[in-house]
Amino acid sequence: MTNVFDEYRIYKTMHSNKRKREVSDLKACLKENKWILALVIGIGALSSVASAFISIILQKIVDAAIGQDVNTFWRLFTFTMIYLLILGGFGFLEAYCGKVLIRNVTKSLRKKTFQGLLSRNPEGFYKVNTADYLSAIVNDVKLVEENYLVPIQLLAKMVVLFVATLGILFYLSWLVTVILIFFMLLMFLIPAFFGKALQVRQNNFSEKIAEFTAKCKDYLSGYEVIRGFAIEGYIRKEFQKENRDTAESKFMADRLLAVNECFASILSALSTVIIVFVAAYFVLTGRSTVGTLLALVQLSGTFITPVMMIMQNLPKITGMKPVLERLSRLSQEQDTQYTQDTQDSRILGTVSKGVSGSSFKSLLNIEKVSFSYQEERNILNEVDLQIEPAKKYAIIGESGSGKSTLVKLLTGYSDRYSGSIQFDGREIRDMNGKDLSNIVSMIHQNVYLFDTDIYQNICLEREYSGTELQDVIDRSGISLFLDQMENGLKTPAGENGIHLSGGQRQRVAVARALIRRTPLLILDEGTSAVDMQTAYDMENRLLAQEKLALITITHNLKEELLKQYDQVIFMKNGEIVEKGSYNQLKEKQGAFFDFMNLQEKIEN
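Anchor point for the sequence shown: position 319 equals 319 in the UniProt record's numbering, and the numbering is continuous, going up by one each time.
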């Protein structure tokens, strides 16, 4: 019975969380800053009402001047000065709180989007160009600030100003008010014509600027190729084309806004002129004072201005819907394997499957595993393999044989495989992602180093003792070049390790894998980008780690290295064709032997 209730609680929590995630990130950010938002709206409302009542002050001043009432005139002068000081104070507070709101919301939006990107599973993450992610974090958030946050504050203020002005207008002249309402209705029809089209164009611009960012990243990353092959002219031409298309996309949206604003301005001017004539007629016929005329003219501007501002900003706000949906989508797509397990364990107050305690002490069992990136063709076909702790395995095969795909699945790259991958009897797709990272470390062919010093690139913000650090420095071979560095471990690596050689970068990658003391290390062609001597030294050092299980994808077919592996695995067309010790495969003279001979002929 307890299990039934527990499952029901999990079910309710999961669906509750799902409903919460469906709320847009922007609304969540505004909710987090609800008190600042309330302050902005409240102060803006007071400021708007105070601004509307300036017309009454002007009416009294003009009527006092025409009536030659000196005492009233000077009293009004003193009152007006104090009134304007208070109004200025409201204006400052409103502007300051508005900036605080924008700072907090944009910061929170970027944070949620970035966290969402990091929470994606590897397969989903790599489907999108990283420049698109950069564009979302930088450009889309900027668009939200300019076309949503600023307009929404202005909109709230203008609505209050409109209501206050409407009340004063009714008090002064109901006929003038009716005329203004008629023009207002005409003005409100305009956004209805342009709103949908503007949404489409704003979305097109967001997509175009993402493409432009991707192209710029691509060109700048290929600087050496561009210079080396003298294709600067071609790249400049391609950049100019992308730049022109991006600017044109922005212009298309701005042009529609300009048309919208033009119609609004024409109707505003027309309504003001008509109000002046009507109010002047009332003065001529003795039905109104000159002060009231001035107040009505001033109020007509105050009445129309909010309508114009609403017209101009409402399409901007509605046009941001696709951009907000994109940001929300990026922030909410999560690796359920990584997050759901933790939620369930919190609800039950127990350790659920894969949450802490996942280990690799007896066997990594790969049974009948198949996988495809696309539905048409399998990259892996019913692969069977057993990996034991502290043993060394070399995976060899032609390009495209499925070697890298197989080891990526061992790191939780995707859960779309068929078959079974189990660490000590625990299915990998059911394991918590963080615990999986404590079992497996991977050194990729293209090592990435952060733009910080060598120490941080090894430790990655974790704390290790001096003994642990020195141990991995020696075992990885960093000690071979560290003495040459003026600042030692505090030497800056530069952007993606530009200040280090290829071999030095690889040794840093080995050190940061070893220092975590995971029981399994995967080397995915991790020495292919360095010279033969460095590659040989690094592979030897890893093979010498007695307690470490090592899986190496290698094109290095040196006999003295391959003999050190407990098992050599030869793959072809997504299948394991042969496996055994180097001597066993050599004596068998099968597919592996033929592959070795072919490689020797190519090298010679």
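Ideal placement from N, C-alpha and C gives every residue a C-beta, glycine not left out.
Contact annotation: L562 and Y536 have beta-carbon atoms that are not nearer than 8 Å.
In this structure, F162 places its C-beta atom within 8 Å of the C-beta atom of F303.
G402 carries a coil assignment under DSSP once its states are collapsed to helix, strand and coil. Distance between F73 and M320, taken at the CA atoms: about 50 Å.
By the Cβ neighbour-count rule, A390 is exposed, with fewer than 16 other Cβ atoms within 10 Å of its own.
Around the beta carbon of C262, fewer than 16 other beta carbons lie within 10 angstroms, which makes this residue exposed. By the 16-neighbour rule on beta-carbons within 10 angstroms, N446 is exposed. Counting along the chain, the unbroken beta strand (DSSP E) around Y393 starts and ends at 392-397. About 7 Å separates the beta carbons of K579 and V568, which is inside the 8 Å limit, making them a contact pair. Between the alpha carbons of Q484 and E539 lies a gap of roughly 23 Å. Rounded to the nearest angstrom, the gap between the Cα atoms of E382 and F360 is 23 Å. The segment 367-379 and the segment 415-435 touch, with no fewer than 3 CB-CB distances between them shorter than 8 Å.
By the Cβ test, the segment 496-515 is in contact with the segment 466-486, since at least three Cβ pairs between them sit closer than 8 Å.
In the displayed model, K547 falls within coil according to three-state DSSP, outside both helix and strand.
Uninterrupted beta strand (DSSP E) stretches at least 3 residues long and entirely within the segment 217-298 do not occur. If the five residues before and after K112 are omitted, its C-beta is found closer than 6 Å to the C-beta atoms of D25, S331, all from its own chain and listed in chain order. Look at S476 here: in three-state DSSP terms it is helix.
Secondary structure of V577 (DSSP, three-state): strand. Under a 10 Å Cβ-count criterion, Q202 is classified as buried, with 16 or more other Cβ atoms of the shown protein chains found around its own Cβ. When the five nearest sequence neighbours on each side are left out, the beta carbons in the same chain lying within less than 7 Å of the beta carbon of K403 are those of I395, G397, I553, M571, in order along the chain. Within the segment 126-195, the complete alpha helix (DSSP H) runs of at least 4 residues fall at 130-135, 141-144, 150-172. Distance between I231 and R244, taken at the CA atoms: about 20 Å.
In this structure the segment 267-279 does not touch the segment 232-240; the number of beta carbon pairs closer than 8 Å is below three. F570 sits in a strand when the DSSP states are folded into three classes.
Cβ-Cβ separation between T318 and Q199: approximately 6 Å, consistent with a contact (criterion under 8 Å). The DSSP-derived three-state label of Q386 is strand. Under the three-state reduction of DSSP output, V440 falls in the strand class.
In terms of CA proximity to V259, A197 leads the group A197, T292, S437.
In this structure P122 does not touch Y565 by the C-beta definition: roughly 27 Å separates them, more than the 8 Å allowed. If you keep only unbroken beta strand (DSSP E) runs of at least 3 residues inside the segment 414-440, you get 418-423. Using a Cβ distance threshold of 8 Å, K490 and Y464 do not count as a contacting pair.
Of the candidates M184, A50, E32, the residue whose Cα lies closest to the Cα of L109 is E32.
C-alpha of Q374 to C-alpha of K34: approximately 46 Å in a straight line. DSSP, reduced to helix, strand and coil, places F371 within a strand of the structure shown. Leaving aside the five residues that flank V40 on each side, the residues in its chain whose CB is nearer than 7 Å to its CB run, in chain order, E94, C97, G98, L101, Q153. Here DSSP, grouped into helix, strand and coil, assigns R75 to helix.
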